[in-house]
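Counting in my numbering, the sequence shown runs from 180 upward without gaps. What follows is a single structure, written as structure tokens, with notes after it.
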Amino acid sequence: MNCTTFFQCKRAIINTERYCGTLNKLRRAIQKKRREMLTSGVFLRYDNARSHVAASTTTLLNRIGCDVLTHPPYRPDLAPSDYYLYTKLKESLVGKRSQSDNNTQTAVTNYCKEQAESF
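Written out as structure tokens, the structure reads:
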């Protein structure tokens with residue numbers, strides 16, 4: 180599965196500068212792990228948060244070659260947690276309790292690593 184996951188720090192404010200930093204981390208992770216994706220295309224899906232639509236973000240996305248798939252401003256039938264990935268992830272975590280954020284992050288990361296590329 181071609182998936183890179185970044186977890187938000189507690190109480191972190193995601194401003195444009197921080198978001199662009201995360202995008203640069205994503206680009207480096209793709210270069211290291213899936214270099215071929217940089218020529219075949221990288222798609223990002225997100226909403227219209229200020230940090231996502233800021234001029235500096237748009238410039239960076241164009242520079243690193245990411246295509247943006249926008250999420251409608253309000254579509255309860257398309258909640259991110261209802262996408263295929265999240266449905267299967269939720270099913271794998273049913274009945275499990277986590278004692279910390281780190282344990283949850285480890286469980287999510289392990290789940291993603293266990294999936295076949297065709298997932």
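Cβ coordinates follow ideal geometry from the N, Cα and C atoms, glycine included. Nothing here was measured: the structure is a model prediction, and the numbers come from that model.
query: Residue burial classification, arginine 276 (beta-carbon count within 10 angstroms, cutoff 16); result: exposed
query: Euclidean distance between Cα positions of asparagine 194 and histidine 231; result: 9 Å
query: 8 Å Cβ cutoff met for histidine 200 and valine 221; result: In the sequence on display, residue 200 carries glycine and not histidine. Cβ distance not < 8 Å, so glycine 200 and valine 221 don't count as in contact.
query: Distance between threonine 285 and leucine 272 (C-alpha atoms, nearest Å); result: 12 Å
query: Alpha-carbon spacing of glutamine 210 relative to asparagine 203, whole angstroms; result: 11 Å
query: Cα-Cα separation between methionine 180 and alanine 295, rounded to whole angstroms; result: Reliability fails at methionine 180, whose pLDDT of 46 lies under 50, so the model's placement of it is uncertain and the value that follows must be treated cautiously. Those two C-alpha atoms are separated by around 5 Å.
query: Cutoff 6 Å; reference leucine 248; Cβ partners in own chain excluding five residues on either side; result: Phe222 and Arg224
query: Rounded separation between alanine 228 and alanine 234 - CA only; result: 12 Å
query: Residue burial classification, arginine 190 (beta-carbon count within 10 angstroms, cutoff 16); result: exposed
query: Arginine 206 burial status per 10 Å Cβ neighbour count (16 or more: buried); result: buried
query: Tyrosine 265 classed as buried or exposed, judged by whether at least 16 other C-beta atoms fall within 10 angstroms; result: exposed
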